[in-house]
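Counting from 4, one number per residue, gives the positions in the sequence shown under my numbering.
Since the structure comes first, as structure tokens, the remarks are kept for the end.
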Amino acid sequence: MESSEPDYESDWPRIPNVLNCLDYVPDSCDDRDTLHDMISKRYPDIRTTLDASADEDKCRISAYDNVELDRRHPRPPPSEISEITEFSDPWAEPNQVVTETDESYAETVTPHKMRCASIGRTKSFRDRLDPLLSSARLDRLKNGDQNGQSKAVGTTIRNYALELAQDKSTTFAQNVDNFIACTCESKETNPQVVMRNMRQFMSGMKNYLVKHGEKGFYKEIERERNKLKSTEFLNLDAILEGVMHKLVVRPLKAHLQKLFLDYYTKTGAIRLLADNIQYAASRPVGELAIKPKITLPSDSVLNKISQYIHRLQQADSPLEKLENLLAAIAIIFNSVKTGQLTGSGRSVQLGADDFLPIFVWVMVKTNFVAAEIEAEYMWGLLHPSLFSGEGGYYLTTLSSAVHVLKNFKKSCEENNKNHVENDSVLKVVVPDELHGSILTKTVPARPQMTTKEVCKIIAHKARITNPQDYALYRLTDGEETMLLDNECPQDFMKDGKHTMLAYKRIDAKIAWPNQDKLKL
């Protein structure tokens, strides 16, 4: 736990409880308005239809599983965070790299080989998705709790914390109820400010329980500790994060959605995205920078993707939203064919650089007009440590796709041949010290993305285990300038100078080739 986060005591004002009870059982979601529903009511002319329940095929996470969810009402993922999931990078094993061979995708290499900046010459996009598809979180999504009883470590701690919230004599319950009431009654209309307060409060209440506890909370922790094997531990941060999602995010979701809808209506962002989606739907796919040899997802696959987008909108927890986003991405990847073959006759796997245009196309086909709001919801409420792994990478991809679409018509009118490249992606050169060569990689970028955020994405993509030893540099005529954490790399790419971005070890002494020889 970070000691710098606020530690809430009993100094919250005592006001009448506005919640008669808190339902801790996952809601059926059937009778709750999604953002698409709310947008349709406010803008009857905007098409937001998602065929989320029309498909009679069995819904599966990917081509690799045998999951058979309910055919009429697909079951949303569990709302608890699995304690088995690693919170720092929940979809990847920290000491293993998966490399592709002709026969298997599971070849373990030793950890010391990961220290060099080698961006995986053999590691395909599928390899990076495989840990996601087999993660503990998706295992729980696949298998579920058939008898309604979870066997996950830490369940009793989670349940006890939820019981504390029902006991209105406890400081914990009073603070939660008072915060919800104060938030709903507040005159604050900026959803970003409200989410920042929610994130701070959830972190503070987690610290409060861990440091002070209430009633038998410590006894529950000790009881669970006694059940642990020598190779196990209790991830209290993950356990309590799931608790706070139920206690704070769920009751405030409708309030937050309304704030988002009002705010983005006022700025015109909803209408802008919807109009550009409609315009993009009338244009050839080539204008989205999709390569001719790529075979796009079929209508049946699009329907499955739309189901996950629909579930994403129904979910209260930002982590559930992220899970459904990642599941949709997995389906997109597994359904796309490149039309090229390797030397062994296998189909060439889709590269990450090609994924953004395809994802933009999927957003157009599924009329995902709430994409920007959903992305901001996750950015504002997810635990910050989740942004350093697959979650941060593909959430950035979502925000980047939104940026592309919002500017699509304008780009077409300006005769920009590649409407995706612009500032929605960044090209970065990385010296591969292991092989003595330079690699060029494209990463998704949000508007006004900082150097610190870009470095996190590159470190994840390059599988750098010591990112503190690396930095992002601006290269101008072979001269290096280290960028500060709060600078915006996209700004340097717009100044008209022949400038490149490079990610390298701070101590590495590199003699760069002439920039006109570098392939960007």
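Virtual Cβ for every residue (Gly too), placed ideally from N, Cα, C.
Presumed contact (8 Å Cβ cut-off) between residue 386 and residue 244, rounded CB distance
About 6 Å separates the two Cβ atoms, so the contact holds.
Just to check my reading of the structure: residue 428 and residue 447 have Cβ atoms closer than 8 Å, yes? What is that Cβ distance to the nearest angstrom?
A Cβ-Cβ separation of about 6 Å places residue 428 in contact with residue 447 under the 8 Å criterion.
Candidates 313, 382, 326, 358, of which the one nearest residue 445 by Cα:
The option with the nearest alpha carbon to residue 445 is 358.
Residue 372 vs residue 283 beta-carbon contact at 8 Å
Their beta carbons are not under 8 Å apart, which means residue 372 does not touch residue 283 by this criterion.
Report the residue from 442, 486, 218, 325 whose alpha carbon sits nearest the alpha carbon of residue 392.
Of 442, 486, 218, 325, the residue nearest in Cα terms is 325.
Can you name, in chain order, every residue of its own chain whose Cβ lies under 7 Å from the Cβ of residue 234, other than the five neighbours on each side?
So the list is empty, once near-sequence residues are dropped.
Say whether chain D places a C-beta atom closer than 8 Å to the C-beta of residue 432.
The displayed structure is made up of one protein chain only, and chain D is not part of it.
What does DSSP give as the partner residue(s) for residue 393 in the beta ladder?
Per DSSP, residue 393 has no beta bridge partner at all.
Could you name the residues of the same chain whose beta carbon sits closer than 8 Å to that of residue 472, not counting the 5 residues immediately before and after it, in chain order?
508, 509, 510.
What first and last residue would you give for the alpha helix (DSSP H) that runs through residue 457?
Following the DSSP letters along the chain, one finds residue 457 inside the alpha helix (DSSP H) bounded by residues 454 to 464.
Given that a residue counts as buried once 16 or more other Cβ atoms are within 10 Å of its Cβ, and exposed if not, what is residue 485?
That one is exposed.
Across which residues does DSSP place residue 483 in a beta bridge pair?
Bridge partners of residue 483: 478.
Start and end of the alpha helix (DSSP H) containing residue 256?
Element bounds for residue 256: 253 to 270.
C-alpha gap between residue 27 and residue 265, whole angstroms:
Legend: pLDDT at residue 27 = 32, less than 50; position of this residue unreliable, value from coordinates given subsequently. Whole-angstrom Cα-Cα distance: 29 Å.
Considering only the alpha carbon of each residue, which of 267, 317, 250, 365 lies closest to residue 302?
The alpha carbon of residue 302 has as its nearest neighbour, out of 267, 317, 250, 365, the alpha carbon of 365.
Sheet register partners of residue 504 (DSSP bridge):
Looking at the DSSP output, residue 504 sits in a beta bridge with 431, 477.
Measuring CB atoms only, is the stretch 179 to 187 touching the stretch 223 to 231, in the sense that at least three cross pairs come out at less than 8 Å?
Judged by Cβ distances under 8 Å, the stretch 179 to 187 makes no contact with the stretch 223 to 231, as fewer than three pairs qualify.
How many angstroms separate the CA atom of residue 262 from the CA atom of residue 383?
Cα atoms of residue 262 and residue 383: separation of roughly 14 Å, rounded to the nearest angstrom.
By the three-class DSSP mapping on this structure, what secondary structure does residue 369 have?
Coil, per DSSP.
Give the DSSP-derived three-state secondary structure of residue 309 in the structure shown.
Three-state result, residue 309: helix.
Taking the runs of the alpha helix (DSSP H) that are 4 residues or longer, which of them lie wholly in the stretch 146 to 218?
Those alpha helix (DSSP H) runs which fall completely within the stretch 146 to 218 and span 4+ residues are 158 to 169, 174 to 188, 194 to 214.
Which residue from 47, 315, 403 puts its Cα closest to that of residue 327?
The candidate whose alpha carbon is nearest that of residue 327 is 315.
What do you get for residue 45, buried or exposed, if any count of 16 or more other CB atoms within 10 angstroms of its CB means buried?
It is exposed - the Cβ of residue 45 has fewer than 16 other Cβ atoms within 10 Å.
Please work out which residues of its chain come closer than 7 Å, Cβ to Cβ, to residue 515, disregarding the five sequence neighbours upstream and downstream, and give them in chain order.
Around residue 515, the same chain offers 478, 481 as residues with beta carbons nearer than 7 Å, after the five sequence neighbours per side are excluded.
Cβ neighbours of residue 199 in the same chain (closer than 8 Å, five flanking residues each side left out):
Exclusion of the five residues before and after residue 199 leaves 383 as the residues of its chain whose Cβ lies within less than 8 Å of its Cβ.
Suppose the cutoff is 7 Å on Cβ atoms and the five residues either side in sequence are ignored; what does the same chain contact list for residue 335 look like?
300, 308, 361, 362, 365, listed in sequence order.
CB residue 492 to CB residue 454, shorter than 8 Å?
Yes; because the gap between Cβ atoms is below 8 Å, this pair is in contact.
Report the rounded CA-to-CA distance for residue 461 versus residue 395, giving the unit in angstroms.
Their backbone Cα atoms lie some 11 Å apart in a straight line.
Per DSSP, which residues does residue 444 bridge with? Please list them.
For residue 444, which the question treats as bridged, DSSP gives the partners 431.
Going straight from the alpha carbon of residue 322 to that of residue 295, what length do you get?
Between residue 322 and residue 295, the C-alpha separation is close to 35 Å.
What are the boundary residues of the alpha helix (DSSP H) that includes residue 336?
321 to 338 is the extent of the alpha helix (DSSP H) around residue 336.
Separation of residue 390 from residue 49, as counted between CA atoms
Distance between residue 49 and residue 390, taken at the CA atoms: about 32 Å.
Let's test the definition: count the other Cβ atoms within 10 Å of the Cβ of residue 319 and tell me whether it reaches 16, buried, or not, exposed.
Counting Cβ neighbours within 10 Å, residue 319 comes out buried, since at least 16 surround it.
I need the boundaries of the alpha helix (DSSP H) containing residue 382, first residue and last residue.
Its alpha helix (DSSP H) spans residues 374 to 384.
Going by the CB atoms, is the gap between residue 209 and residue 247 shorter than 8 Å?
Against a cut-off of 8 Å, the Cβ pair of residue 209 and residue 247 comes out as a contact.
So, helix, strand or coil for residue 298, using DSSP?
Under the three-state reduction of DSSP, residue 298 is assigned to strand.
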